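In the numbering used here, the protein residues as written are 4 to 476.
Each residue gets a CB set at the ideal place from its N, CA and C atoms; glycine is no exception.
Everything numeric in this text was worked out from a predicted model, so none of it was measured.
Working notes, beginning with the structure itself.
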Amino acid sequence: MKKLYIETVGCQMNVLDSELVVASLRKQGFELTDNTSDADTILFNTCSVRQHAEDKIYSALGRLKNAKVTHPHKIIGVLGCMAQKDQRLIFERAPYVDLIVGPGQLHQVPDLIAEIEAGGGQKMEVSLGRKEGTRQQIERSHESFDPLRDAAMRPTPYQAYVRIMIGCDKFCTYCIVPSVRGPEQSRHPDDIIAETRQLADEGCKEIILLGQTVNSYRYREGDRVTRLSDLLTSLHGIDGLERIKFVTNYPKDMTDDLLQVVHDLPKCAKYLHVPVQSGSNRVLERMKRGYTVEDYREMMDRIRHLVPEAAVTSDFIVGFCGETEDDFQLTCKLVHEQRFKNSFIFKYSERPGTKGAELFPDDVPEDVKKRRNNELLAMQNMISEVDNHAFLGRNVSVLVEGPSKASEKSDDPDALQLQLTGRTMCDRIVVFDGNRRQIGQTLPITIYDANAHTLFGAVVTQHVGPELFSLNA
Ligand code: SAM
Ligand code: SF4
C-alpha cells in the first residue's frame with residue numbers, strides 16, 4: 004500500500020475537497036498516514052483568502068526540501084486555491100514540488116500522480132482565469148467532482164458536507180475567491196438529492212450544504228427554477244436525515260420564503276451564518292458588498308420575526324483600507340446591538356489580483372488592525388457568554404459528534420466513558436460526560452454551565468419505575 008499524507012487549510016469547501024481527493028486515491032491503493040516522513044505522496048490543499056494561510060504552506064514546503072533530496076521519489080503536490088492563484092510561481096519558489104492542481108481539476112489528481120510515478124515529470128492543471136475565455140469556457144474549466152464519498156474521511160460518519168454551488172460572482176473588493184474558485188454555478192438539484200439520499204442511507208444524520216453565497220442558489224431548467232427554499236423542502240423528505248444546515252449566506256439574498264422554510268421545517272437548523280463584514284456604510288461601499296447597514300438591520304429584523312429562535316453568526320474584517328476609528332466604532336455598535344451567537348473576526352489581508360489591492364492602499368497599520376480585532380473579539384465573547392448563560396437549566400437536543408478535544412488528548416483514547424461533544428439545533432457546542440455508544444445519537448441534555456464558546460451539560464436520564472425491575476413481572 005502506498006502512503007498518503009494530506010494537510011488541509013481553509014474553509015469547509017476545502018475540507019470537502021480533501022475528503023473527495025482521499026476517496027479517489029484510496030481507490031488507487033493509497034492509505035493515509037499522519038506523518039510526512041513515511042508518506043509516498045504529500046499533498047497540501049491550500050487557501051488564498053489571507054496571506055497568512057499562504058505563508059503557512061510555503062513554510063511547510065520549505066521544510067520538505069531536504070526530504071525530497073533524501074527521498075527523490077516522494078511526490079509533493081499543492082492543490083486548491085493557492086495552486087490556482089500562484090500556478091507556476093509555486094514551481095519557482097519550491098522547484099521540488101511535482102504537482103500543482105487547482106480546485107477545478109481535483110478529479111485529475113490520481114491520474115496525474117500515476118503519470119509522475121511513471122516518470123512524466125512535473126504536472127500542473129489549473130482552470131482558466133476570469134478573463135481567459137467566454138463565461139461558458141471558464142465555467143467548464145471549473146468542474147467539481149462530488150459523487151465520490153468516503154465516510155471514513157469525515158470527522159464523523161454522522162455528518163457530511165454537500166456542495167450545492169461552486170464559485171462566486173459577487174466580487175467583494177477584498178476577496179480572492181471569485182478569481183480562484185471561478186464563476187458562480189449551482190448544481191443540479193437531482194444530483195444534490197441523490198447524493199444526500201446516499202449519505203442518509205449510509206447513516207449520515209446531518210448534512211451541511213455548502214456554497215460561497217449558499218442562499219443565492221438557483222437552478223434553472225426550462226421554465227422551472229429551483230431555489231434554496233425548494234431544495235430544502237425536497238431534502239427534508241429524506242428518511243434518516245435529522246438536520247440540515249447551510250453556509251454561507253449573503254445578506255441581500257436572505258429572502259422571506261427561505262426564512263419561512265427554515266422556520267417551518269423541523270429538520271432545518273435554526274442557525275444562519277450571514278456575514279456583515281463591517282458596521283460602516285463607507286467601508287461596506289468600498290468593499291462593494293452591495294448593501295448598507297440599514298439593509299442588514301432590516302434583514303435581521305425579518306430573521307427575528309420569521310425565525311425567532313434562530314442563532315445568527317457573522318464574519319467581520321477589521322482594518323480594511325481607509326477604515327477610521329469612527330468606522331470601527333460603528334462596527335462595535337452593530338455587534339453590540341445585534342448580539343450574534345458568535346463572530347469570526349479577521350484582520351484585512353491585501354490580496355494581489357483583487358480590486359481592493361488595485362484601488363485602495365492597505366493603510367491601516369498592523370498594530371491598529373490587531374487592537375481592533377482584539378476589541379471586537381472581547382466584545383463578542385462577552386455577548387456570547389451572557390447569551391449562553393440563558394441556557395442554564397434548559398434541556399437541549401444534541402447530535403453527538405464524538406469525543407471532546409480534551410478527551411481526544413487523554414491517556415486512554417479507547418476508554419468507554421469519556422467526555423463527548425455535539426451541537427444543538429442552533430449550532431451551540433455542548434460538552435458532557437457519556438460513553439462511546441452515544442456517538443451519532445441525538446440526546447436530551449440539561450445545561451448546567453456555560454462560557455462564551457461552550458455549554459456544559461448532562462444527559463437527561465429518564466426515570467425508570469421499579470415495576471420494570473420487579474422480579475415478579
Ligand atoms: N462567501 C462568504 C461570504 O461572502 O461571507 C465567505 C468567504 S471567505 C472564504 C470567509 C471570510 O473571510 C469572509 O467572510 C471575510 O470575512 C474573510 N475574508 C475574505 N477575504 C479577506 C481578506 N482579504 N482579508 C481578511 N479577511 C478576508
Ligand atoms: Fe468573497 Fe464576497 Fe464572494 Fe463571499 S461573496 S466569496 S466574500 S467575493
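Check                                                                                                                        : Outcome
Residue range of the unbroken alpha helix (DSSP H) whose run includes GLN496                                                 : Only positions 4 to 476 of the chain appear in this structure, which leaves residue 496 out of reach.
Backbone CA spacing between GLN309 and THR457 [nearest angstrom]                                                             : Sequence check: residue 309 is Leu here, not Gln. So the two alpha carbons sit approximately 26 Å from each other.
Unbroken alpha helix (DSSP H) run spanning PRO192, endpoints                                                                 : 192-204
3-residue-minimum beta strand (DSSP E) runs that sit fully inside the stretch 258-307, ordered along the chain               : 274-276
Runs of beta strand (DSSP E) lying entirely within the stretch 374-439, each at least 3 residues, in chain order             : 398-406, 420-426 and 432-438
Residues surrounding ligand 2 [beta-carbon distance to nearest heavy atom under 7 Å]                                         : CYS171, LYS173, PHE174, CYS175, CYS178, VAL180, PRO181, GLN215, THR216, THR251 and TYR253
Rounded separation between GLY240 and ILE247 - CA only                                                                       : 11 Å
Environment of ASN38 [buried if 16+ CB atoms lie within 10 Å]                                                                : exposed
Cut-off 7 Å between Cβ atoms - residues of its own chain near PHE472, not counting five sequence neighbours on either side   : With a pLDDT of 49 at PHE472, under the threshold of 50, the predicted position of this residue should be treated as unreliable, and no value is reported.
Chain-order list of residues whose beta-carbon lies under 7 Å from that of PHE363 (same chain, five-residue window excluded) : ARG289, CYS324 and GLY325
Backbone secondary structure at TYR164 - three-state DSSP                                                                    : strand
C-alpha distance - PRO97 paired with VAL52, whole-angstrom precision                                                         : In the sequence as presented, Pro is not what sits at residue 97; that position holds Ala. Whole-angstrom Cα-Cα distance: 21 Å.
Proximal residues to ARG285 (C-beta, below 7 Å), its chain only, five neighbours per side dropped                            : ASP330
Paired residues, beta bridge with LYS6 - DSSP                                                                                : GLU34
Boundaries of the beta strand (DSSP E) in which ASN48 is found, first to last residue                                        : 44-49
Where GLY356 falls: helix, strand or coil (DSSP)                                                                             : coil
Beta-bridge pairing of VAL12 - partner residues as DSSP gives them                                                           : None, per the DSSP bridge assignment.
Nearest to THR49 (by Cα), restricted to the options ILE141, ARG426, ASP43 and VAL183                                         : VAL183
Beta-carbon separation (whole angstroms), LYS71 vs PHE33, contact threshold 8 Å                                              : Contact flag wrong, Cβ pair sits at about 19 Å.
Cβ pair SER15, ILE211 closer than 8 Å                                                                                        : Note on identity: in this sequence residue 15 is Gln, with Ser being the wrong assignment. Yes, they are a contact pair.
From ALA56, MET85, GLY124 and GLY107, residue whose alpha carbon lies closest to that of LYS77                               : GLY124
At least 3 beta-carbon pairs within less than 8 Å: the stretch 220-236 vs the stretch 255-267                                : yes
CYS14 beta carbon near ligand 1 (any heavy atom closer than 7 Å)                                                             : yes
Residue span of the beta strand (DSSP E) that contains ARG224, given as start and end                                        : First, the amino acid is wrong: residue 224 is Glu here, not Arg. Note, GLU224: beta strand (DSSP E), 221-224.
Of the listed residues LEU380, SER237 and PHE249, nearest to VAL338 (C-alpha basis)                                          : LEU380
Test item: CB-CB of VAL100 and ILE167 under 8 Å                                                                              : no
CB of ALA26 within 8 Å of CB of ASP153, strictly                                                                             : yes
Three-state class that DSSP yields for ILE119 in the structure shown                                                         : helix
Bridge partners - MET127, DSSP secondary structure assignment                                                                : ILE103
Contact the stretch 169-185 vs the stretch 416-432: 3+ CB pairs below 8 Å                                                    : no
VAL367 burial status per 10 Å Cβ neighbour count (16 or more: buried)                                                        : buried
Assigned secondary structure, PRO254 (DSSP; H/G/I helix, E/B strand, else coil)                                              : helix
Within-8 Å CB hit, SER281 to chain D                                                                                         : No chain D appears in the structure shown, which is made up of a single protein chain.
Pairwise C-alpha distance: LEU333 and GLU340                                                                                 : 10 Å
Proximity winner among VAL462, TYR351 and LEU419, relative to LEU402 (alpha-carbon distances)                                : VAL462
Three or more C-beta pairs below 8 Å linking the stretch 190-207 and the stretch 130-146                                     : no
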